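Chain order of the listed sequences is A and B. Residues in the first sequence are numbered consecutively from 1, following our numbering. Residues in the second sequence are numbered consecutively from 1001, following our numbering. What follows is one structure encoded as structure tokens, with my remarks underneath.
Protein chains: 2
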Amino acid sequence: MQTQLIAALQRIVGDNNVLVGDATADYVTDWRQRTHGQALCVVRPGSTQQVAEVVQACAQAQVAIVPQGGNTGLVEGSIPQATGEQVVLSLRRMAAVRAIDPHNMTITVEAGVVLQNLQKTVDEAGFLFPLSLGAEGSCTIGGNLATNAGGTQVVRYGNARDLCLGLEVVTADGQVWEGLHGLRKDNTGYDLRNLFIGSEGTLGIITAATLRMFPQPAAQLTAWTAVASLEAANALLALAHTQLGAALTGFEVMNQQALQLVDKHYPHLRVPMWQQTPFCVLLEASDSESESHARAAFERLLEAAMEQELVVDAIIAENLKQAHDLWHIRESITLAQAAEGVNVKHDVSLPVSRIPAFVAQTDAALQALVPGIRLVNFGHLGDGNLHYNTQAPEGSDAAAFVAQFEDAVGEVVYQAVHQHGGSISAEHGIGALKRDKLPHYKSPVALELMQRIKQALDPQQLLNPHRVLRSRASGGEG
Amino acid sequence: MQTQLIAALQRIVGDNNVLVGDATADYVTDWRQRTHGQALCVVRPGSTQQVAEVVQACAQAQVAIVPQGGNTGLVEGSIPQATGEQVVLSLRRMAAVRAIDPHNMTITVEAGVVLQNLQKTVDEAGFLFPLSLGAEGSCTIGGNLATNAGGTQVVRYGNARDLCLGLEVVTADGQVWEGLHGLRKDNTGYDLRNLFIGSEGTLGIITAATLRMFPQPAAQLTAWTAVASLEAANALLALAHTQLGAALTGFEVMNQQALQLVDKHYPHLRVPMWQQTPFCVLLEASDSESESHARAAFERLLEAAMEQELVVDAIIAENLKQAHDLWHIRESITLAQAAEGVNVKHDVSLPVSRIPAFVAQTDAALQALVPGIRLVNFGHLGDGNLHYNTQAPEGSDAAAFVAQFEDAVGEVVYQAVHQHGGSISAEHGIGALKRDKLPHYKSPVALELMQRIKQALDPQQLLNPHRVLRSRASGGEG
Chain A
1 MQTQLIAALQ RIVGDNNVLV GDATADYVTD WRQRTHGQAL CVVRPGSTQQ
51 VAEVVQACAQ AQVAIVPQGG NTGLVEGSIP QATGEQVVLS LRRMAAVRAI
101 DPHNMTITVE AGVVLQNLQK TVDEAGFLFP LSLGAEGSCT IGGNLATNAG
151 GTQVVRYGNA RDLCLGLEVV TADGQVWEGL HGLRKDNTGY DLRNLFIGSE
201 GTLGIITAAT LRMFPQPAAQ LTAWTAVASL EAANALLALA HTQLGAALTG
251 FEVMNQQALQ LVDKHYPHLR VPMWQQTPFC VLLEASDSES ESHARAAFER
301 LLEAAMEQEL VVDAIIAENL KQAHDLWHIR ESITLAQAAE GVNVKHDVSL
351 PVSRIPAFVA QTDAALQALV PGIRLVNFGH LGDGNLHYNT QAPEGSDAAA
401 FVAQFEDAVG EVVYQAVHQH GGSISAEHGI GALKRDKLPH YKSPVALELM
451 QRIKQALDPQ QLLNPHRVLR SRASGGEG
Chain B
1001 MQTQLIAALQ RIVGDNNVLV GDATADYVTD WRQRTHGQAL CVVRPGSTQQ
1051 VAEVVQACAQ AQVAIVPQGG NTGLVEGSIP QATGEQVVLS LRRMAAVRAI
1101 DPHNMTITVE AGVVLQNLQK TVDEAGFLFP LSLGAEGSCT IGGNLATNAG
1151 GTQVVRYGNA RDLCLGLEVV TADGQVWEGL HGLRKDNTGY DLRNLFIGSE
1201 GTLGIITAAT LRMFPQPAAQ LTAWTAVASL EAANALLALA HTQLGAALTG
1251 FEVMNQQALQ LVDKHYPHLR VPMWQQTPFC VLLEASDSES ESHARAAFER
1301 LLEAAMEQEL VVDAIIAENL KQAHDLWHIR ESITLAQAAE GVNVKHDVSL
1351 PVSRIPAFVA QTDAALQALV PGIRLVNFGH LGDGNLHYNT QAPEGSDAAA
1401 FVAQFEDAVG EVVYQAVHQH GGSISAEHGI GALKRDKLPH YKSPVALELM
1451 QRIKQALDPQ QLLNPHRVLR SRASGGEG
């Protein structure tokens, strides 16, 4: 039976594009190298028609499919289970740019286009594609949409969902929904596009998308400020919204512990101001007019913030190199954490207004749970998105800390998130990693509606089963 | 049985809030006064709990529910069928503002809040709620969300969908999904919010919403320009996107025929420039800095546009009164059309880039079909949304024209829309009016997915049956 399926898949995509055994290694291990699945095979279709035929063949054989883009996800949603019975369907070969429409400010691309290549193509066409995140050199736009990726410019441009106008999707029964269009208004029935976006490959396989392009800003400036508290950071955010309007394209907060780790492991980065206050904020402004206009607006903002005593110290990057260096500090926090040792991470979101209370309460609860625990707290404050991470107490064994406290720390964090009306997954998704946590924090009515939708669109549970939701009528496994 | 249900509903909401007979008149006639339905009764719950109990009672009695807000829809989606067997569930009594969160820039309101009141409340809180449309004095935010309303500022702020972060919904089995939250990032499962938004009351009943507020602009300016062609209008739009960036908040095109009708019926409005060129464009810019800054940017834009010969003539409104007068001309087109006689209307969208070719082709086809037909063409060009309307030839009988040609004209328009990758309903929805047209222009795969979703969330077909989709296992009727 399995041999027959592999033969059928070889007929569809060609022998070279069906991988088995050791050749599947990159496709079955998660990005963090913590979990290893096993695949019946990896199939690499080269066209939407081939994707549809692969799905039909798998449906006939009753074999489950794990759709995969760049395999850079952080919740183990794009690797197969350990059974060796699932087929990984890699979209990476489908990397064509199908169309660019400058007057409509849209680009239509296949799912396997790497995000960085997409940014570059749009840039060369004279526009901006604003989705930007750490894995952009490897992740694919199909995966970005399947997980509704976030990143650093959400405060202005929204999540991946907000950048997408149309989709092409292969359904669980191997039909092609041709929903690719470049329309900004379309009220002809249910919002299938947004249902597939963020469903992590469990409802359909995204094969192509029509995406919004934006005018390129005439100038982009970065500032770095020291603030005394999260309350001050919030007040600075409000002031920036008012004074800069849509020109505010980035607002990142970093606590002292996070910056101390960067300073310790990468002293050449020369982290500014980190010893002055408990928090620093990185701001980015994008201006449609000119650099001098952007700089004047930024200076007015920071002067007002100093007058109101929201900001203790501030610098505006003098040039692109300085701006890049400041962003590089922000982006080095994760690496500095890894250099310090294994750790426990959370990607949560809250109403912006609740963040100070949430952090104060959770910091205290975790200090009570693990005296000396180091709280490495940073994120996209403009979107209410915190990477609320923790590290073993100074000098203690990191691995032992993680083994002993990962679950307990997570529970404290998620309970507090829940209590403050937040989300336990802001931008990473649910996958396998958070699947069994979800029922504790999501309303039973929402979970029931999700189960019914899954049942309606994938009644045979063939698409990425046991991801996001545990499949019904089956226990599933990790 | 019906008497029992009415008694049960009276127990839930009180005798005064169950209307029968003549008292239902306003609730059963569509906004355009063209179609009259009949209701078993109109029930007016005052709380989410009461909505849930009403749905439970109706579900038990197997009686269908038509959810209704301000009943201002244009596609007959919020009135009952003619059978007299359906219950109209009016949300108008649920008009509380539940919370305003300035630091999170969100407001939580019940579904029955009238849009204009919502705008006012947000304005008084020091923010902007940008949804704005003709019926704003009567329509409710619940109805705006159920139909994903558009309006005049979509080019900057998006549709109703894009303004909503969280929902509270009563499901078809009378459960309450408490999805009200003010989160800008939440990747914990399927996008239920966007599934309910735009579903026209056929999947659930929206009882409350958490909405985004925006910083108030420091200044807003309006300009009026004469352009020689739609190609020139498109080039002007591209230039405005580049030079103004997110400050561009309105871009409306109007053809000569539309403006001639306004000039004819409302000469006191003194329509500028309409005899100069085949099209005029109204632009709006919102500035976070100052009026003088906005004016300088607008002047630079219009100078560049004149140099590039995109614009033949232009004025910038000197003050708020002038700006209001210019917008009033744009908003008077529909009334001028009515004053000229009954007519045939279409609310379509296209990729912006395709609009010139679409209009040229469709104008020619309609002139061939009905020599002398008057093409009244205007809309939100920045969103690719045209109100492509037609009027009887000068001097001929309007009613006879509509009776004879409404279907044939619609078919020409929709065929051309379909051919150019557009949508037959940009912002009005499907309701009953376009339901039977939809299958001709929407992909069978999409329709099949929609039917499955309807079946999954409303298996008894109790919520607004035969709207958007014909209910399965039943013929339905208009």
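Glycine is no exception: its CB is placed at the ideal position from the N, C-alpha and C atoms. The model shown is predicted, which means the values in this text are computed figures rather than measured ones.
Quiz item: With a Cβ-Cβ cutoff of 8 Å, do residue 1195 of chain B and residue 1428 of chain B count as a contact?
Solution: The answer is no: Cβ separation not under 8 Å.
Self-check item: residue 403 of chain A classed as buried or exposed, judged by whether at least 16 other C-beta atoms fall within 10 angstroms
Solution: Per the 10 Å Cβ criterion, exposed.
Exercise. Would you verify that the beta carbon of residue 450 of chain A is, or is not, closer than 8 Å to some beta carbon of chain B?
Key: Residue 450 of chain A counts as touching chain B.
Exercise. Using a Cβ cut-off of 8 Å, pull out every chain B residue sitting near residue 178 of chain A, in sequence order please.
Key: Those within 8 Å of residue 178 of chain A in chain B are 1443, 1445.
Quiz item: So what does residue 169 of chain A bridge to, in DSSP terms?
Solution: Answer is A:177, A:206.
Quiz item: Closer than 8 Å, CB to CB, is residue 150 of chain A near chain B or not?
Solution: So, interface residue.
Quiz prompt | Interfacial residues, the region 1342-1353 of chain B to chain A, with Cβ spacing under 8 Å | solution = Answer in chain order: 1349, 1350, 1351, 1352, 1353.
Exercise. Could you please tell me which residues of the region 1079-1113 of chain B, in chain order, have their CB closer than 9 Å to any CB of chain A?
Key: Residues 1101, 1102, 1103, 1104, 1105, 1106.
Quiz prompt | Straight-line gap, residue 1118 of chain B to residue 1098 of chain B (C-alpha atoms, nearest Å) | solution = Across the structure, residue 1118 of chain B and residue 1098 of chain B are spaced so that their CA atoms are roughly 12 Å apart.
Quiz item: For residue 1001 of chain B, does the count of other Cβ atoms within 10 angstroms reach 16, so buried, or fall short, so exposed?
Solution: Looking at its Cβ environment, which holds fewer than 16 other Cβ atoms inside 10 Å, residue 1001 of chain B is exposed.
Practice problem: Buried or exposed for residue 1390 of chain B, please, with buried defined as at least 16 other CB atoms from any protein chain shown within 10 angstroms of its CB. | Solution: Of the other Cβ atoms in all chains shown, 16 or more fall within 10 Å of the Cβ of residue 1390 of chain B; this residue is therefore buried.
Exercise. Could you name the residues of the same chain whose beta carbon sits closer than 6 Å to that of residue 1017 of chain B, not counting the 5 residues immediately before and after it, in chain order?
Key: Answer for residue 1017 of chain B: 1044, listed in chain order.
Quiz prompt | Presumed contact (8 Å Cβ cut-off) between residue 1349 of chain B and residue 1325 of chain B, rounded CB distance | solution = Not a contact, Cβ separation roughly 28 Å.
Quiz item: Can a CB atom of chain E be found closer than 8 Å to the CB of residue 1153 of chain B?
Solution: You won't find chain E in this structure, because its protein chains are A and B.
Self-check item: Classification of residue 377 of chain A by the beta-carbon crowding that lies within 10 angstroms, buried from 16 upward
Solution: Residue 377 of chain A comes out buried.
Quiz item: How would you write the range of the alpha helix (DSSP H) that residue 116 of chain A sits in, first residue to last?
Solution: In the DSSP assignment, residue 116 of chain A falls within the unbroken alpha helix (DSSP H) covering 115-124.
Exercise. Provide the residue span of the beta strand (DSSP E) that contains residue 241 of chain A, from first to last.
Key: Per DSSP, residue 241 of chain A belongs to no beta strand (DSSP E); it is in the alpha helix (DSSP H), 230-244.
Quiz item: Quick one: is residue 468 of chain A near chain B, going by C-beta distance under 8 Å?
Solution: Contact with chain B is found for residue 468 of chain A, since one of that chain's Cβ atoms lies less than 8 Å from the residue's Cβ.
Quiz item: Which partner residues does residue 1 of chain A have in the DSSP bridge list?
Solution: In DSSP, residue 1 of chain A forms no bridge with anything.
Quiz item: Going by the beta-carbon positions, is the gap between residue 1239 of chain B and residue 1294 of chain B smaller than 8 Å?
Solution: It is not a contact, given that the beta carbons lie outside the stated cut-off.
Quiz item: Taking only runs of the beta strand (DSSP E) that begin and end inside the region 1066-1110 of chain B, which ones reach a length of at least 3 residues, in chain order?
Solution: Here the runs fully enclosed are 1086-1090, 1097-1101, 1106-1110.
Exercise. At 7 Å on the CB atoms, spell out the chain B contacts of residue 425 of chain A, in chain order.
Key: For residue 425 of chain A, the C-beta contacts it makes with chain B under 7 Å involve 1187, 1188, in order along the chain.
Self-check item: Min CB distance residue 1068 of chain B to chain A below 8 Å
Solution: No - not a single Cβ of chain A is within 8 Å of the one on residue 1068 of chain B.
Practice problem: Work out the CA separation of residue 1144 of chain B and residue 188 of chain A for me, nearest whole Å. | Solution: Taking the straight line from one Cα to the other gives about 15 Å.
Self-check item: C-beta neighbour in chain B for residue 47 of chain A, strict 8 Å
Solution: Contact with chain B is absent for residue 47 of chain A, since none of that chain's Cβ atoms lies less than 8 Å from the residue's Cβ.
Quiz prompt | Against chain B: residues of the region 378-399 of chain A by CB proximity under 7 Å | solution = So the list reads 383, 384, 385, given in the order they occur along the chain.
Quiz item: Taking the continuous beta strand (DSSP E) assigned at residue 1316 of chain B, which residues delimit it?
Solution: Where residue 1316 of chain B is concerned, the enclosing beta strand (DSSP E) stretches over 1313-1316.
Self-check item: Per DSSP, the bridge partner or partners of residue 1048 of chain B
Solution: Partner(s): none; residue 1048 of chain B has no beta bridge.
Exercise. Please check if any C-beta of chain B sits within less than 8 Å of the C-beta of residue 288 of chain A.
Key: Judged by the 8 Å Cβ criterion, residue 288 of chain A is in contact with chain B.
Quiz item: Nearest-angstrom Cα distance between residue 110 of chain A and residue 58 of chain A?
Solution: So the alpha carbons of these two residues sit roughly 22 Å apart.
Quiz prompt | N-terminal and C-terminal residue of the alpha helix (DSSP H) that residue 1226 of chain B is part of | solution = First-last for residue 1226 of chain B: 1219-1227, but that is the beta strand (DSSP E), not the alpha helix (DSSP H).
Self-check item: Per-residue contacts from residue 1022 of chain B into chain A (C-beta, under 8 Å)
Solution: Close to residue 1022 of chain B, with beta-carbon spacing below 8 Å, lies no residue of chain A; the smallest spacing is near 33 Å.
Quiz item: Would you call residue 20 of chain A buried or exposed, if buried means 16 or more other Cβ atoms sit within 10 Å of its Cβ?
Solution: Label assigned to residue 20 of chain A: exposed.
Quiz item: Counting contacts by CB-CB distance shorter than 8 Å, is residue 201 of chain A in contact with chain B?
Solution: So, not an interface residue.
Quiz prompt | Closer than 8 Å at the beta carbon, the chain A residues around residue 1147 of chain B | solution = Under the 8 Å cutoff, chain A gives 187.
Quiz item: Within the 8 Å Cβ cut-off, does residue 1234 of chain B reach chain A?
Solution: Yes, its Cβ sits closer than 8 Å to a Cβ of chain A.
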